[in-house]
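**Student:**
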Amino acid sequence: MRAFLQVEDFFLPPPFRKIKMTSQTLFPTLQIPETLAAGPGPGNTDPRVLAAFANAGLADHMQADVLRGMIECKHMLRDVWGTVNVHTYGVAGTGWSGLDVMLNAVLPGDSVVAFANGTFSGIDALTIRMKSANREELRVNPMDPKPQSVTVILVPHGQSVGADVIEPALAEKKPKWAFMAHWETGSGRVNDIRAFSDACERHGVLGLVDAVSSLGIADFAIDDYPGVVGWASCPQKGVLCLPLTYAPVSFSDRYIAEIKASGCHSYVHHPILEARHWGVIDGAEVPAGSYHRTHSGYAIAAFHEALRITLQHGRAQKARDYAYHEQALRQAVTAMGCQVTSNMTSLVVLNLPGALAGREKELVQACRAAGFGIWPTLSEPVQVRIGILNQLSAAAITDIVSRFAKAMIAMGADLDLNAVTHGLRNYYQSAKAAN
Ligand SMILES: *Cc1c(COP(=O)(O)O)cnc(C)c1O
Numbered sequence: 000m001r002a003f004l005q006v007e008d009f010f011l012p013p014p015f016r017k018i019k020m021t022s023q024t025l026f027p028t029l030q031i032p033e034t035l036a037a038g039p040g041p042g043n044t045d046p047r048v049l050a051a052f053a054n055a056g057l058a059d060h061m062q063a064d065v066l067r068g069m070i071e072c073k074h075m076l077r078d079v080w081g082t083v084n085v086h087t088y089g090v091a092g093t094g095w096s097g098l099d100v101m102l103n104a105v106l107p108g109d110s111v112v113a114f115a116n117g118t119f120s121g122i123d124a125l126t127i128r129m130k131s132a133n134r135e136e137l138r139v140n141p142m143d144p145k146p147q148s149v150t151v152i153l154v155p156h157g158q159s160v161g162a163d164v165i166e167p168a169l170a171e172k173k174p175k176w177a178f179m180a181h182w183e184t185g186s187g188r189v190n191d192i193r194a195f196s197d198a199c200e201r202h203g204v205l206g207l208v209d210a211v212s213s214l215g216i217a218d219f220a221i222d223d224y225p226g227v228v229g230w231a232s233c234p235q236k237g238v239l240c241l242p243l244t245y246a247p248v249s250f251s252d253r254y255i256a257e258i259k260a261s262g263c264h265s266y267v268h269h270p271i272l273e274a275r276h277w278g279v280i281d282g283a284e285v286p287a288g289s290y291h292r293t294h295s296g297y298a299i300a301a302f303h304e305a306l307r308i309t310l311q312h313g314r315a316q317k318a319r320d321y322a323y324h325e326q327a328l329r330q331a332v333t334a335m336g337c338q339v340t341s342n343m344t345s346l347v348v349l350n351l352p353g354a355l356a357g358r359e360k361e362l363v364q365a366c367r368a369a370g371f372g373i374w375p376t377l378s379e380p381v382q383v384r385i386g387i388l389n390q391l392s393a394a395a396i397t398d399i400v401s402r403f404a405k406a407m408i409a410m411g412a413d414l415d416l417n418a419v420t421h422g423l424r425n426y427y428q429s430a431k432a433a434n
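Numbering (numbering that gives the first Met the number 0), first residue to last: 0 to 434.
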């Protein structure tokens, strides 16, 4: 006997409906509420992207318009990344999926210097240690290998990775690969990719960068950083395409030559093979892609629209808008007695005022329970993270600030909500007057 009601049973006339809905495993339709996603990511997806996702017809992964859409996405991505790299495309999945493709160039025994200044670059460094470890090193500590070939340079939480750390490490180790996060979202710090790229060039090192948090927010063009040969980003932060779509990656010819020469231990996450479906075959551009795996027409339509939105906004203008609104949020929380320790423009990482210190997680929980999705830091020290992805308006920032102020007041903070919103109004009015 079947344990639960099957869909077909709904189409039977009542007397034939033998099985009652008493099952433990057939759940009601999942309802997910609309929240204000004001954390490090994901950002609220633009309605245009959701419409593109929902309005795409059912078409298989080799249908002509799906393939054309992939080629168009590839060209738009080159614009968004600021590159002529032929191997620029999207990896199905999340940010880690794109990073996995990029880091697959690291083979067992490869020497690597990885800089880590927060949660995400820490996980990247773990990925690198797993890939560089030999069999014996992996066996000794399978979940957290410490291969001899990898040097992880830990930079304290709240600090950026700069030339003072990068230059001596690469000069001393002269590794094959070096790794850094561009924007470390765990601590909200911008790292110096100019110094990183220059040091890589100077010492003949191949640079790899996690640009998950910066692509689509910072105004940079990867072709200005020739020391960096591999870049990986994500769908849900600056590109704003959460309906699980594509993690943008870009690889220089130098990187691809390395893969060609040495190979990689993956079929699906192979930097050269993955490019085939996007119309890049053996380094040549072809008019339409060929099968690599089953891509989704819905995802392609959404990704395409997200890239169109980013290009319409313009890389430089988008970066200015983030800086402008982050400044508003920063001033408001500072006026509320918080201390901001980040310098990213999509995210504010802060310490609560002394009276509330130690209650960060409690505050974040209370906000999240009320549909205001802010975050604590995921590694020590515990701080509060408030993000503004796709919240680029005075009204949206004012909403975020008021919700945060009310939550602090509810926990006993001594602050004047009127004064805070007044200060915010002044910021926006004087900025308008200056233009
Ligand atoms: C968010 C983030 C990741 C992980 O991205 P997912 O989409 O969660 O896989 C990796 N690195 C950095 C710097 C990030 O900000």
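The C-beta atom is built at its ideal place from N, Cα and C for all residues, glycine as well. None of the values given here were measured: they were computed from a predicted structure.
Looking only at its own chain, which residues have a Cβ that is under 8 Å from the Cβ of G121, when we skip the five neighbours before and after it?
**Tutor:** The sequence position of residue 121 within the sequence shown is 122, counting from 1. So the qualifying residues of the chain are A115, G185, S378.
**Student:** Classify G226 as helix, strand or coil using the three-state DSSP reduction.
**Tutor:** Reading the sequence shown from its first residue, position 227 is the one you call residue 226. DSSP places G226 in coil when its eight states are reduced to three.
**Student:** Going by Cα to Cα distance, which pick from A393, K431, V381, G370 is closest to A406?
**Tutor:** By one-based count along the sequence shown, residue 406 stands at place 407. Selected option, being the one with the closest Cα: G370.
**Student:** To the nearest angstrom, report how far apart K360 and A256 are at their CA atoms.
**Tutor:** For this step, residue 360 is matched to residue 361 along the sequence shown. For this step, residue 256 is matched to residue 257 along the sequence shown. Roughly 47 Å separates the two Cα atoms.
**Student:** Helix, strand or coil for V65, going by three-state DSSP, please let me know.
**Tutor:** Sequence index remark: in the sequence shown, residue 65 carries index 66 (1-based). For V65, the secondary structure class from DSSP, reduced to helix, strand or coil, is helix.
**Student:** From what residue to what residue does the alpha helix (DSSP H) around A327 run?
**Tutor:** Start at 1 with the first residue of the sequence shown, and residue 327 comes out as number 328. Segment 314–334, the alpha helix (DSSP H) holding A327.
**Student:** DSSP state of N140, grouped into three classes?
**Tutor:** Against the sequence shown, residue 140 aligns to sequence position 141. Three-state result, N140: coil.
**Student:** At a threshold of 7 Å, does K145 count as lining ligand 1 (C-beta to nearest heavy atom)?
**Tutor:** Taking the sequence shown and counting its residues from 1, one reaches residue 145 at position 146. Every heavy atom of ligand 1 is 7 Å or more from the Cβ of K145, so no.
**Student:** Of the residues E304, V83, I165, which one's Cα is nearest the Cα of A55?
**Tutor:** The count along the sequence shown starts at 1 and reaches residue 55 at position 56. For the set E304, V83, I165, the Cα lying nearest the Cα of A55 is the one of E304.
**Student:** Can you round the beta-carbon distance between S103 and S345 to whole angstroms, since I take them to be within the 8 Å contact cut?
**Tutor:** On the sequence shown, residue 103 is found 104 positions in, with the first residue counted as 1. On the sequence shown, residue 345 is found 346 positions in, with the first residue counted as 1. Looking at the sequence provided, one finds Asn at residue 103 rather than Ser. About 28 Å separates the two Cβ atoms, so there is no contact after all.
**Student:** Would you call the segment 386–396 and the segment 33–41 touching, i.e. three or more CB-CB distances under 8 Å?
**Tutor:** At 8 Å Cβ cutoff, the stretches touch.
**Student:** Taking its Cβ as the centre, do 16 or more other Cβ atoms sit within 10 Å of Q62, making it buried, or is it exposed?
**Tutor:** Translated into positions along the sequence shown, residue 62 becomes position 63. So Q62 counts as exposed.
**Student:** Am I right that G313 and L414 are in contact with their C-beta atoms under 8 Å? What's the rounded C-beta distance?
**Tutor:** Walking along the sequence shown from the start, residue 313 turns up at place 314. Walking along the sequence shown from the start, residue 414 turns up at place 415. Taking a contact as a CB-CB distance under 8 Å, the pair G313 and L414 does not count as one, their CB atoms being some 37 Å apart.
**Student:** Consult DSSP for N389 and reduce its assignment to one of helix, strand or coil.
**Tutor:** The count along the sequence shown starts at 1 and reaches residue 389 at position 390. Three-state result, N389: coil.
**Student:** Considering Cα atoms alone, identify which of N389, R367, P174, T293 is closest to L239.
**Tutor:** If you number the sequence shown from 1, residue 239 lands on position 240. If we check each option's Cα against that of L239, N389 comes out closest.
**Student:** Looking at the strands, I want to know which residues DSSP matches up with V111.
**Tutor:** Against the sequence shown, residue 111 aligns to sequence position 112. DSSP, once it has assigned bridges, lists V149, W176 as partnering V111.
**Student:** Do you know offhand how far E7's Cα is from E71's?
**Tutor:** In the sequence shown, residue 7 corresponds to position 8, counting from 1. In the sequence shown, residue 71 corresponds to position 72, counting from 1. Annotation note: pLDDT 42 at E7 (below 50); position unreliable, no value reported.
**Student:** Does the beta carbon of E135 fall short of 7 Å from some heavy atom of ligand 1?
**Tutor:** On the sequence shown, position 136 is the one that residue 135 refers to. No, Cβ of E135 sits at least 7 Å from all heavy atoms of ligand 1.
**Student:** Smallest Cα separation from D222: which of L25, R253, G117?
**Tutor:** Taking the first residue of the sequence shown as 1, we reach residue 222 at position 223. The residue with the shortest Cα to Cα distance from D222 is R253.
**Student:** Express the C-alpha separation of D64 and N342 in angstroms, rounding to a whole number.
**Tutor:** The residue you call residue 342 lines up with position 343 of the sequence shown. The residue you call residue 64 lines up with position 65 of the sequence shown. Roughly 42 Å separates the two Cα atoms.
**Student:** Going by DSSP, which residues form a beta bridge with S249?
**Tutor:** Walking along the sequence shown from the start, residue 249 turns up at place 250. T87, W230, per the DSSP bridge assignment.
**Student:** In chain order, what residues of the same chain have a beta carbon less than 8 Å from the beta carbon of Y427, not counting five sequence neighbours either side?
**Tutor:** Within the sequence shown, numbered from 1, the residue matching residue 427 stands at position 428. These residues qualify, in order along the chain: A327, A393.
**Student:** Return the Cβ separation of V90 and K172 in integer angstroms, given the expectation that the two are a contact with Cβ distance under 8 Å.
**Tutor:** Here residue 90 refers to the residue found at position 91 when the sequence shown is read from its first residue. Here residue 172 refers to the residue found at position 173 when the sequence shown is read from its first residue. With 8 Å as the limit, V90 and K172 do not qualify as a contact, their Cβ atoms being about 29 Å apart.
**Student:** Taking Cβ positions, are L76 and P247 nearer each other than 8 Å?
**Tutor:** Taking the first residue of the sequence shown as position 1, residue 76 is located at position 77. Taking the first residue of the sequence shown as position 1, residue 247 is located at position 248. Going by C-beta atoms, L76 is nearer than 8 Å to P247.
**Student:** For F9, which residues in the same chain have their Cβ closer than 7 Å to its Cβ, ignoring the five residues on either side in sequence?
**Tutor:** In the sequence shown, the residue the question calls residue 9 occupies position 10. At F9 the pLDDT is 38, less than 50, meaning the model places this residue with poor confidence; the figure from the coordinates comes in the next sentence. The answer is none, since no qualifying residue turns up.
**Student:** Rounding to the nearest angstrom, what Cα-Cα distance links L207 and W230 in this structure?
**Tutor:** Along the sequence shown, one-based indexing puts residue 207 at 208. Along the sequence shown, one-based indexing puts residue 230 at 231. Cα to Cα, the separation comes out at about 6 Å.
**Student:** Rounded to a whole number of angstroms, what is the C-alpha to C-alpha distance between W95 and T293?
**Tutor:** Within the sequence shown, numbered from 1, the residue matching residue 95 stands at position 96. Within the sequence shown, numbered from 1, the residue matching residue 293 stands at position 294. If I take the Cα positions, the gap works out to 19 Å.
**Student:** Name, in chain order, the residues that DSSP records as bridge partners for A283.
**Tutor:** Residue mapping note: residue 283 aligns to position 284 of the sequence shown, counting from 1. Per DSSP, the beta-bridge partners of A283 are I280.
**Student:** How many angstroms separate the CA atom of G68 from the CA atom of H276?
**Tutor:** Your numbering for residue 68 matches position 69 in the sequence shown. Your numbering for residue 276 matches position 277 in the sequence shown. When rounded, the distance between both Cα atoms is 11 Å.
**Student:** For N436, is the classification buried or exposed, using 16 other Cβ atoms within 10 angstroms of its Cβ as the cut-off for buried?
**Tutor:** Since the first and last residues shown for the chain are 0 and 434, residue 436 lies out of range.
**Student:** Just the C-alpha distance for L98 and A260, rounded to the nearest angstrom, thanks.
**Tutor:** The sequence position of residue 98 within the sequence shown is 99, counting from 1. The sequence position of residue 260 within the sequence shown is 261, counting from 1. Cα-Cα distance, rounded: 20 Å.
**Student:** Could you spell out where the beta strand (DSSP E) holding L423 opens and where it closes?
**Tutor:** Counting from 1 along the sequence shown, the entry for residue 423 is found at position 424. Taken as a continuous stretch (DSSP letters only), L423 belongs to no beta strand (DSSP E), being part of the alpha helix (DSSP H) at 416–433.
**Student:** DSSP has V160 in a bridge; who is on the other side?
**Tutor:** On the sequence shown, position 161 is the one that residue 160 refers to. V160 is not bridged to any residue.
**Student:** Considering only C-alpha positions, which residue in the set A124, K145, D281 is nearest to H86?
**Tutor:** For the purposes of this step, residue 86 is taken as residue 87 along the sequence shown, with counting starting at 1. For the residues A124, K145, D281, the minimum Cα distance to H86 belongs to D281.
**Student:** Suppose you measure from the CA of A331 to the CA of V419; what does that come to, to the nearest Å?
**Tutor:** Taking the first residue of the sequence shown as 1, we reach residue 331 at position 332. Taking the first residue of the sequence shown as 1, we reach residue 419 at position 420. Going by the C-alpha atoms only, they are around 6 Å apart.
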